[in-house]
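A.B. asks:
Protein chains: 2
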Amino acid sequence: MRQGAGAASKQRAISMDVGGTFTKVALVDSGGNIVRRWQEPSEHDIASSEVPGFVVRLVRGVLKESSLTASELVGVCVGIPGVIDRRTQTIISCPNLTNWEGMALGQLVEQALGLPTCLEKDANEAALGERWLGAGRGVDDLVCFTLGTGIGTGIIVNGELYRGSTGGAGEIGHIIVDKDGPACSCGNPGCLESFASARAIVGFARDAIEKGSASVLLEVAGGDLDAITTETVFHAARSGDPVAMRITADAIEYLGVSIASVVNVFNPAMIILGGGMAQAGEQILVPVREIVRKRARRLLADHVEIVLARLGNDAGLIGGAYLVFRTQGVAVQE
Amino acid sequence: MRQGAGAASKQRAISMDVGGTFTKVALVDSGGNIVRRWQEPSEHDIASSEVPGFVVRLVRGVLKESSLTASELVGVCVGIPGVIDRRTQTIISCPNLTNWEGMALGQLVEQALGLPTCLEKDANEAALGERWLGAGRGVDDLVCFTLGTGIGTGIIVNGELYRGSTGGAGEIGHIIVDKDGPACSCGNPGCLESFASARAIVGFARDAIEKGSASVLLEVAGGDLDAITTETVFHAARSGDPVAMRITADAIEYLGVSIASVVNVFNPAMIILGGGMAQAGEQILVPVREIVRKRARRLLADHVEIVLARLGNDAGLIGGAYLVFRTQGVAVQE
Numbered sequence: 001m002r003q004g005a006g007a008a009s010k011q012r013a014i015s016m017d018v019g020g021t022f023t024k025v026a027l028v029d030s031g032g033n034i035v036r037r038w039q040e041p042s043e044h045d046i047a048s049s050e051v052p053g054f055v056v057r058l059v060r061g062v063l064k065e066s067s068l069t070a071s072e073l074v075g076v077c078v079g080i081p082g083v084i085d086r087r088t089q090t091i092i093s094c095p096n097l098t099n100w101e102g103m104a105l106g107q108l109v110e111q112a113l114g115l116p117t118c119l120e121k122d123a124n125e126a127a128l129g130e131r132w133l134g135a136g137r138g139v140d141d142l143v144c145f146t147l148g149t150g151i152g153t154g155i156i157v158n159g160e161l162y163r164g165s166t167g168g169a170g171e172i173g174h175i176i177v178d179k180d181g182p183a184c185s186c187g188n189p190g191c192l193e194s195f196a197s198a199r200a201i202v203g204f205a206r207d208a209i210e211k212g213s214a215s216v217l218l219e220v221a222g223g224d225l226d227a228i229t230t231e232t233v234f235h236a237a238r239s240g241d242p243v244a245m246r247i248t249a250d251a252i253e254y255l256g257v258s259i260a261s262v263v264n265v266f267n268p269a270m271i272i273l274g275g276g277m278a279q280a281g282e283q284i285l286v287p288v289r290e291i292v293r294k295r296a297r298r299l300l301a302d303h304v305e306i307v308l309a310r311l312g313n314d315a316g317l318i319g320g321a322y323l324v325f326r327t328q329g330v331a332v333q334e
Numbered sequence: 335m336r337q338g339a340g341a342a343s344k345q346r347a348i349s350m351d352v353g354g355t356f357t358k359v360a361l362v363d364s365g366g367n368i369v370r371r372w373q374e375p376s377e378h379d380i381a382s383s384e385v386p387g388f389v390v391r392l393v394r395g396v397l398k399e400s401s402l403t404a405s406e407l408v409g410v411c412v413g414i415p416g417v418i419d420r421r422t423q424t425i426i427s428c429p430n431l432t433n434w435e436g437m438a439l440g441q442l443v444e445q446a447l448g449l450p451t452c453l454e455k456d457a458n459e460a461a462l463g464e465r466w467l468g469a470g471r472g473v474d475d476l477v478c479f480t481l482g483t484g485i486g487t488g489i490i491v492n493g494e495l496y497r498g499s500t501g502g503a504g505e506i507g508h509i510i511v512d513k514d515g516p517a518c519s520c521g522n523p524g525c526l527e528s529f530a531s532a533r534a535i536v537g538f539a540r541d542a543i544e545k546g547s548a549s550v551l552l553e554v555a556g557g558d559l560d561a562i563t564t565e566t567v568f569h570a571a572r573s574g575d576p577v578a579m580r581i582t583a584d585a586i587e588y589l590g591v592s593i594a595s596v597v598n599v600f601n602p603a604m605i606i607l608g609g610g611m612a613q614a615g616e617q618i619l620v621p622v623r624e625i626v627r628k629r630a631r632r633l634l635a636d637h638v639e640i641v642l643a644r645l646g647n648d649a650g651l652i653g654g655a656y657l658v659f660r661t662q663g664v665a666v667q668e
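If you read the sequences in order, they're chains A and B.
Each residue of the first sequence is one higher than the one before, starting from 1 at the first, in our numbering.
Each residue of the second sequence is one higher than the one before, starting from 335 at the first, in our numbering.
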């Protein structure tokens with residue numbers, strides 16, 4: 001492995017987190033510090049041919065504003081909310097950015113910039129970030145959940161990211177928890193996501209109100225059905241609203257049961273709960289722990305810690321930079 | 335790694351498969367050939383203190399009958415139908431042989447015999463065996479199911495057995511497929527095993543007959559309710575018996591849906607179906623393939639081969655020997 005120029009002079013990478021709404025970009029050093037950060041709207045509507053140019057333009061903007069040349073960077077990581085084919089470094093599924101699908105983005109960006117470029121699933125980056133500098137420090141077998149619009153997971157096995165045979169591992173949001181359940185965004189019925197994602201929770205809340213259930217939810221959302229979010233629902237549940245309590249309890253039960261299954265399958269030392277929904281904190285953590293204790297095999301439940309993520313929204317950016325440093329043989333500070 | 339004395343002179347290990355009813359023992363060479371085999375009833379009722387002696391006596395019997403000395407053996411592997419704590423080489427759960435629980439059997443046998451001794455979960459051994467010389471040759475990411483009284487699995491990740499943080503990984507039989515389902519042998523409701531194991535299928539068949547369902551099942555079993563086995567039920571289903579068809583279809587649907595979940599989580603290149611129930615062959619294989627094709631994420635379903643095991647009941651014995659050779663640095667013929 002090529003070593004860095006020494007711990008004293010930290011090296012830098014650019015990490016990009018392409019979300020359904022915003023693209024975040026950060027200059028991250030080999031100590032895991034975010035030196036600078038930027039954000040701009042993700043390009044939903046651009047032609048596929050313009051996607052590499054969008055990424056390249058962002059990277060060049062960071063270099064310019066930071067007064068850096070490309071040769072002063074170790075590399076770039078682009079985090080994608082979708083499935084990557086590891087062999088071809090191609091985005092093969094990205095429901096929120098369909099124009100990005102089919103792109104061999106890693107190679108295209110690498111050629112345009114002359115910089116080593118990684119392409120990675122955002123939930124995998126978050127797992128790497130939490131393991132590097134967050135809740136999972138020093139833990140070799142863990143599963144990190146990103147509870148958001150969908151449910152993503154990154155799996156660390158024997159200290160390394162587990163990507164599966166073609167790079168698509170970790171679709172725990174699509175564990176089938178009720179074979180005859182409601183339709184999921186993936187087209188199949190009864191996936192965990194169709195019961196416990198932010199999208200599902202908000203959908204159940206709107207349905208309940210439209211059906212006339214007595215609830216403070218509409219009031220909390222300022223009278224606007226479209227303004228209901230998972231935060232609104234969890235907030236209403238905390239205040240004792242029966243509709244919100246039932247919806248969150250159901251979602252948490254499915255989440256807990258699925259985590260019990262994950263514990264039975266992986267025997268991980270740690271489960272990390274991150275993503276927007278995990279902002280509800282103890283409100284999710286306490287019942288999930290209780291369900292796993294009751295429903296996973298005792299020997300495995302006894303050996304797993306279930307904790308909240310620590311890096312918040314930065315986990316993916318930090319994990320992406322870690323991937324660049326590791327791939328390029330730069331010594332990182334752990 | 336210590337190398338063997340050369341490919342020409344094959345080395346030998348003793349592999350033991352402790353089942354709920356019989357204990358099989360084999361002398362296996364480094365080419366994966368079973369040189370000799372023995373079988374005797376498993377000791378359910380002996381005191382815990384006598385368990386190591388039972389194993390040691392079997393090994394000494396093999397040595398004597400084969401005119402071998404201990405120094406001519408590479409080592410011993412004891413396969414257990416239960417959960418092993420890797421760190422202490424202790425049997426921590428073994429529902430069919432409760433007197434064996436709590437035993438640090440690996441160490442005790444090793445001390446008594448002066449031979450390297452591995453202790454391993456039987457389903458893990460079967461996965462290793464099928465990958466060495468069976469259906470999974472050369473496949474780095476696979477999940478091998480042993481469909482029997484219970485449902486065991488061995489998981490191969492990046493070419494190595496995945497045991498989890500304490501050795502309990504692979505309890506896929508205890509994926510929760512219906513959180514409000516019937517009680518499983520593990521004490522929890524709605525595990526895959528409670529719907530699709532041989533034990534469950536036989537139970538559903540007996541229930542149906544006791545409730546007076548019109549079925550050829552009782553006739554096929556010679557009029558004896560206790561003589562109904564999974565073979566009886568699959569046989570009756572093949573002959574068009576509606577009760578047996580419904581029972582097998584339900585079990586296969588739960589199995590297929592769970593394998594779809596496993597495909598979504600692991601993105602394996604191969605799923606291997608082994609164990610007694612897999613003797614039903616195409617009767618299970620064809621519908622499972624169809625369910626996975628429909629219910630797993632397309633990109634992952636497209637990349638997984640679902641096949642029948644090839645080593646039959648010998649998979650565990652052969653895999654156990656492989657583990658001994660690998661652990662002791664003996665070159666195996668692959």
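Don't be surprised by glycine CBs; every beta carbon is placed ideally from N, CA and C.
Quantities reported herein were computed from a predicted structural model and do not represent experimental measurements.
What does DSSP give as the partner residues of Cys478 of chain B in its beta bridges?
C.D. replies: Position 144 of the second sequence, counted from the first residue, corresponds to residue 478 of chain B. In the DSSP output, where bridge partners are listed per residue, Cys478 of chain B has B:Gly488, B:Ile606.
A.B. asks: According to a CB-to-CB cut-off of less than 9 Å, which residues of the stretch 504 to 525 of chain B neighbour chain A?
C.D. replies: Gly504, Glu505, Ile506, Gly507, His508, Ile509, Ile510, Val511, Asp512, Lys513, Cys520, Gly521, Asn522, Pro523, Gly524, Cys525
A.B. asks: Enumerate in chain order the residues of its own chain whose CB-to-CB distance from Val56 of chain A is below 7 Å, with the five nearest sequence positions on each side excluded.
C.D. replies: Stepping through the first sequence from its first residue, residue 56 of chain A is reached at position 56. Cβ neighbours of Val56 of chain A beyond the five flanking positions: Val109, Ala112, Leu113.
A.B. asks: Could you check the C-alpha separation between Val177 of chain A and Ile380 of chain B for me, to the nearest Å?
C.D. replies: If you number the first sequence from 1, residue 177 of chain A lands on position 177. If you number the second sequence from 1, residue 380 of chain B lands on position 46. Spanning the two alpha carbons is a distance of roughly 41 Å.
A.B. asks: Roughly how many whole angstroms lie between the Cα atoms of Glu65 of chain A and Gln39 of chain A?
C.D. replies: The residue you call residue 65 of chain A lines up with position 65 of the first sequence. The residue you call residue 39 of chain A lines up with position 39 of the first sequence. Near 14 Å, if we compare the C-alpha coordinates of Gln39 of chain A and Glu65 of chain A.
A.B. asks: What residue range is occupied by the uninterrupted alpha helix (DSSP H) comprising Trp132 of chain A?
C.D. replies: As a working note, residue 132 of chain A is residue 132 in the first sequence. 122 to 133 is the span of the alpha helix (DSSP H), which, as asked, contains Trp132 of chain A.
A.B. asks: List, in chain order, every chain A residue whose beta-carbon is nearer than 7 Å to that of Phe600 of chain B.
C.D. replies: Here residue 600 of chain B refers to the residue found at position 266 when the second sequence is read from its first residue. Result: Gly164, Ala169.
A.B. asks: As a quick exercise: from A:Glu50, A:Glu130, A:Ala237, pick the residue whose alpha carbon is nearest that of Gly274 of chain A.
C.D. replies: For the purposes of this step, residue 274 of chain A is taken as residue 274 along the first sequence, with counting starting at 1. For the residues A:Glu50, A:Glu130, A:Ala237, the minimum Cα distance to Gly274 of chain A belongs to A:Glu130.
A.B. asks: State yes or no: is the C-beta of Val622 of chain B within less than 8 Å of the C-beta of Val597 of chain B?
C.D. replies: Along the second sequence, one-based indexing puts residue 622 of chain B at 288. Along the second sequence, one-based indexing puts residue 597 of chain B at 263. Not in contact: Val622 of chain B and Val597 of chain B (Cβ atoms no closer than 8 Å).
A.B. asks: For Val307 of chain A and Pro268 of chain A, which I take to be in contact (beta-carbon distance under 8 Å), what is that distance rounded to the nearest angstrom?
C.D. replies: The residue you call residue 307 of chain A lines up with position 307 of the first sequence. The residue you call residue 268 of chain A lines up with position 268 of the first sequence. About 12 Å separates the two Cβ atoms, so there is no contact after all.
A.B. asks: Name the residues in the stretch 258 to 284 of chain A whose C-beta lies less than 7 Å from a C-beta of chain B; which are they?
C.D. replies: Ala260, Ser261, Asn264, Val265, Phe266, Asn267, Pro268, Ala269
A.B. asks: Alpha carbon to alpha carbon, how far is Arg346 of chain B from Ala460 of chain B?
C.D. replies: Translated into the one-based positions of the second sequence, residue 346 of chain B becomes position 12. Translated into the one-based positions of the second sequence, residue 460 of chain B becomes position 126. Cα to Cα, Arg346 of chain B sits roughly 18 Å from Ala460 of chain B.
A.B. asks: DSSP on Val669 of chain B, reduced to helix/strand/coil?
C.D. replies: Because chain B in this structure spans residues 335 to 668, residue 669 of chain B falls outside the shown range and cannot be described.
A.B. asks: Along the beta strand (DSSP E) that carries Thr23 of chain A, what are the first and last residues, could you check?
C.D. replies: One-based indexing of the first sequence puts residue 23 of chain A at position 23. Here the beta strand (DSSP E) through Thr23 of chain A covers 22 to 29.
A.B. asks: Hey, could you find the ends of the beta strand (DSSP E) Thr230 of chain A is sitting in?
C.D. replies: The count along the first sequence starts at 1 and reaches residue 230 of chain A at position 230. For Thr230 of chain A, no beta strand (DSSP E) segment is defined; the enclosing uninterrupted segment is the alpha helix (DSSP H) at 230 to 238.
A.B. asks: Tell me where the alpha helix (DSSP H) around Leu552 of chain B begins and ends.
C.D. replies: As a position in the second sequence, residue 552 of chain B is number 218, starting the count at 1. Per DSSP, Leu552 of chain B belongs to the alpha helix (DSSP H) from 551 to 554.
A.B. asks: Name the chain A residues that come within less than 7 Å of Ser427 of chain B, Cβ to Cβ?
C.D. replies: Walking along the second sequence from the start, residue 427 of chain B turns up at place 93. Ordered by position in chain A, the residues that pass the 7 Å Cβ test against Ser427 of chain B are Leu299.
A.B. asks: According to DSSP, simplified to helix, strand and coil, what is Thr69 of chain A?
C.D. replies: Your numbering for residue 69 of chain A matches position 69 in the first sequence. It is coil, neither helix nor strand.
A.B. asks: Take every Cβ of the stretch 174 to 188 of chain A, pair it with every Cβ of the stretch 243 to 261 of chain A, and state whether three or more of those distances are shorter than 8 Å.
C.D. replies: yes
A.B. asks: Do Gly507 of chain B and Cys478 of chain B have their C-beta atoms within less than 8 Å of each other?
C.D. replies: The sequence position of residue 507 of chain B within the second sequence is 173, counting from 1. The sequence position of residue 478 of chain B within the second sequence is 144, counting from 1. For Gly507 of chain B and Cys478 of chain B, no; Cβs fall outside 8 Å.
A.B. asks: With a CB to CB cut of under 6 Å and the five nearest residues on each side skipped, what residues in its chain are close to Thr424 of chain B?
C.D. replies: On the second sequence, residue 424 of chain B is found 90 positions in, with the first residue counted as 1. Only Ala438 meet the Cβ criterion.
A.B. asks: So that I know if they touch, is there some Cβ in chain B lying closer than 8 Å to that of Ala5 of chain A?
C.D. replies: Your numbering for residue 5 of chain A matches position 5 in the first sequence. Confidence at Ala5 of chain A is low in this model, with a pLDDT of 42, below 50, so the placement of that residue should be treated as unreliable; the coordinate-derived value is given next. It does not: the Cβ of Ala5 of chain A has no partner Cβ on chain B nearer than 8 Å.
A.B. asks: I'd like to know if Asp141 of chain A contacts chain B, where contact means its C-beta is closer than 8 Å to some C-beta of that chain.
C.D. replies: Within the first sequence, the letter at position 141 stands for residue 141 of chain A. Chain B, which has a Cβ nearer than 8 Å to the Cβ of Asp141 of chain A, makes this yes.
A.B. asks: Quick check: is any heavy atom of the ligand SAH less than 7 Å from the C-beta of Gly395 of chain B?
C.D. replies: Ligands in the displayed structure: none, and consequently the ligand SAH is not present.
A.B. asks: Let me see if you follow: with CB-CB separation under 8 Å, is Arg629 of chain B close to chain A or not?
C.D. replies: Counting from 1 along the second sequence, the entry for residue 629 of chain B is found at position 295. So, interface residue.
A.B. asks: Given a threshold of 16 other Cβ atoms within 10 Å of its Cβ, counted over all protein chains shown, does Gly574 of chain B qualify as buried or as exposed?
C.D. replies: Taking the first residue of the second sequence as 1, we reach residue 574 of chain B at position 240. The residue in question, Gly574 of chain B, is exposed, as its Cβ has fewer than 16 Cβ neighbours within 10 Å.
A.B. asks: From the DSSP output, in three-state form, read off Arg346 of chain B for me.
C.D. replies: Along the second sequence, one-based indexing puts residue 346 of chain B at 12. If DSSP states are grouped into helix, strand and coil, Arg346 of chain B belongs with the strands.
A.B. asks: Contact between the stretch 481 to 491 of chain B and the stretch 222 to 232 of chain A: three or more CB pairs below 8 Å?
C.D. replies: No: fewer than three Cβ pairs fall under 8 Å.
A.B. asks: How far does the beta strand (DSSP E) with Pro375 of chain B in it extend, from its first residue to its last?
C.D. replies: Mapped onto the second sequence, residue 375 of chain B falls at position 41. Note, Pro375 of chain B: beta strand (DSSP E), 368 to 375.
A.B. asks: Provide the residue(s) that pair with Glu494 of chain B in DSSP beta bridges, ordered along the chain.
C.D. replies: Here residue 494 of chain B is taken as the residue at index 160 of the second sequence, counted from 1. Bridge partners of Glu494 of chain B: B:Val491.
A.B. asks: From Ser592 of chain B to Val352 of chain B, what does the alpha carbon distance come to, in whole angstroms?
C.D. replies: The count along the second sequence starts at 1 and reaches residue 592 of chain B at position 258. The count along the second sequence starts at 1 and reaches residue 352 of chain B at position 18. The alpha-carbon atoms of Ser592 of chain B and Val352 of chain B are separated by roughly 27 Å.
A.B. asks: Specify, as a first and last residue, the run of the beta strand (DSSP E) that Thr90 of chain A falls within.
C.D. replies: Counting from 1 along the first sequence, the entry for residue 90 of chain A is found at position 90. Start and end: 90 to 93.
A.B. asks: Mind checking who Asp85 of chain A pairs with in its DSSP beta bridge?
C.D. replies: Sequence index remark: in the first sequence, residue 85 of chain A carries index 85 (1-based). Answer is A:Thr90, bridged to Asp85 of chain A.
A.B. asks: Can you check whether the CB of Leu467 of chain B is closer than 8 Å to the CB of Leu645 of chain B?
C.D. replies: Numbered from its first residue, the second sequence carries residue 645 of chain B at position 311. Numbered from its first residue, the second sequence carries residue 467 of chain B at position 133. Yes, the pair counts as a contact, with Cβ atoms nearer than the cut-off.
A.B. asks: Whose C-beta lies closer than 8 Å to the C-beta of Thr355 of chain B among residues of the same chain, with five residues either side of it excluded?
C.D. replies: Against the second sequence, residue 355 of chain B aligns to sequence position 21. If the five residues before and after Thr355 of chain B are omitted, its C-beta is found closer than 8 Å to the C-beta atoms of Pro375, Ser376, all from its own chain and listed in chain order.
A.B. asks: Does any CB atom of chain B fall closer than 8 Å to the CB of Glu125 of chain A?
C.D. replies: Your numbering for residue 125 of chain A matches position 125 in the first sequence. No Cβ of chain B is located within less than 8 Å of the beta carbon of Glu125 of chain A.
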